[in-house]
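Presented below is the structure to which this report refers.
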Amino acid sequence: MSNLVDKQSQEVARTALADAGVPQESIDGFFVLVDEYNTAVPTESMVAEGFTDYGTQDPEYDVEAISKAWNDHNADYVGTNCRINTFTLADSLFSVDDRDNPNDSLLFLDQQSLDNAPDQIFDEAERAKFEAFYGNVETTMEQDPGQHIADIKAYFKDRGIEFADTDARVVSVFSHDTLTEPATLFIGHTGVAVPYEDGYLFLEKLAFDMPYQAVTVKDMQQLNDYLMHKYDDGPDLEYGQPVIFDNDDVIEGMRYAKK
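Under this note's numbering, residues 81 to 339 are what the sequence shown spells out, in order.
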């Protein structure tokens, strides 16, 4: 794992992204955001150089110091999150035909970020595409992953969302929201996976004020397990367990962390 603090790890990620078909312009735009963040916050609790073993526990970041430093950097700008960074990398990797009137009610923090960013991140057309792709997907209150998967695929079909034939993969964790009527599915976390050595390199931003991570996995099932460990709250709750997509289909080997 790396936090993309040093040039060595950044070069590894740049090369893997380019080899997977991500345009140089998108890679450069992503690393503008990376460098803005890493130069604004203390990095002592991050991986200083290269890659280190992720281990069995999530990294322990100095959350208080990092959050304070980022807020001091620009109090009116919350920063960028997983969706904004993934779209920055992957905009050219998929198309959205119907961008009209998406349900963007859960994107209010993303919209605040884009409105208050010191430099424009997306133009008007890109923003419309962003909001359509990350819009809420109408679904049932039932905790039925099969139905949730079908509803996500139907949303992609209705919106004309199609992915280019490249080695770069948009990995999306759909969360089930039953606080709304009707219930919805929402991409609560996302990142880009590209081939690296004999497996994949997964690039993500943990949260608006939290670090970037570049995580190596041996295959898509290990990536599934890594994400489920973070985002699967378990069964028998008021909402269903997450569904993970690799581009426009269920990630290979999807299984839950909690039963």
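For each residue, glycine too, the CB sits at the ideal point set by N, CA and C.
Query, Result
"Strictly under 9 Å for the Cβ-Cβ distance: is glutamate 116 near chain B by that measure?", "Looking for chain B here will not work: only one protein chain is present."
"Nearest to arginine 94 by alpha carbon, out of Phe236, Leu187, Asp289, Leu281?", "Leu281"
"Could you pull out every unbroken beta strand (DSSP E) segment of at least 3 residues lying fully inside the segment 211-274, listed in chain order?", "241-243, 249-257"
"Apply the 10 Å Cβ neighbour rule to lysine 209 and answer buried if 16 or more other Cβ atoms are within range, or exposed otherwise.", "buried"
"Looking at C-alpha atoms only, which residue of Ala294, Ile146, Asp99 is the closest neighbour of glycine 130?", "Ala294"
"Any idea which residues DSSP pairs glutamine 321 with across the strands?", "According to DSSP, glutamine 321 bridges with nothing at all."
"If we ignore side chains and look at the alpha-carbon of each, how far apart do glycine 314 and arginine 335 end up?", "12 Å"
"Are the beta-carbon atoms of lysine 310 and glycine 279 separated by less than 9 Å?", "no"
"Tell me the start and end of each unbroken alpha helix (DSSP H) in the segment 94-162 that is at least 4 residues and wholly inside, in chain order.", "104-120, 143-153"
"Do you know how far the Cα of threonine 220 is from the Cα of alanine 263?", "6 Å"
"Going straight from the alpha carbon of aspartate 231 to that of alanine 155, what length do you get?", "38 Å"
"Run through the segment 170-212 for me and flag every whole beta strand (DSSP E) of 3 or more residues, listed as ranges in chain order.", "174-176"
"Whose C-beta lies closer than 8 Å to the C-beta of glycine 159 among residues of the same chain, with five residues either side of it excluded?", "Tyr117, Trp150, Ser193, Phe288, Asp289"
"Using beta-carbon positions only, say whether glycine 320 and histidine 256 come within less than 9 Å of one another.", "yes"
"Helix or strand or just coil, what does DSSP make of glutamate 284?", "strand"
"Using beta-carbon positions only, say whether phenylalanine 174 and glutamate 242 come within less than 9 Å of one another.", "yes"
"Express the C-alpha separation of glutamate 124 and proline 291 in angstroms, rounding to a whole number.", "12 Å"
"What are the boundary residues of the beta strand (DSSP E) that includes tyrosine 292?", "292-297"
"Which class does valine 92 belong to by DSSP, given the choice of helix, strand or coil?", "helix"
"Name the DSSP bridge partner or partners of valine 393?", "In the structure as shown, the chain begins at 81 and stops at 339. Residue 393 is therefore absent and cannot be evaluated."
"Excluding sequence positions up to five away, which residues of its chain have a Cβ less than 6 Å from the Cβ of aspartate 274?", "For the sequence presented, residue 274 should be read as valine rather than aspartate. Around valine 274: Ala96, Leu97, Ala100, Ala248, Leu281."
"How many whole angstroms separate the CB atoms of isoleucine 229 and valine 330, which I take to be in contact at a CB cut-off of 8 Å?", "6 Å"
"Find out if the Cβ-Cβ distance for the pair glutamate 318, threonine 260 is shorter than 9 Å.", "no"
"Taking all protein chains shown into account, decide if serine 185 is buried (16 or more other Cβ within 10 angstroms of its Cβ) or exposed.", "exposed"
"Quick check on DSSP: helix, strand or coil for tyrosine 276?", "strand"
"Can you have a look at asparagine 181 and say buried or exposed, based on whether 16 or more other CB atoms are within 10 angstroms of its CB?", "exposed"
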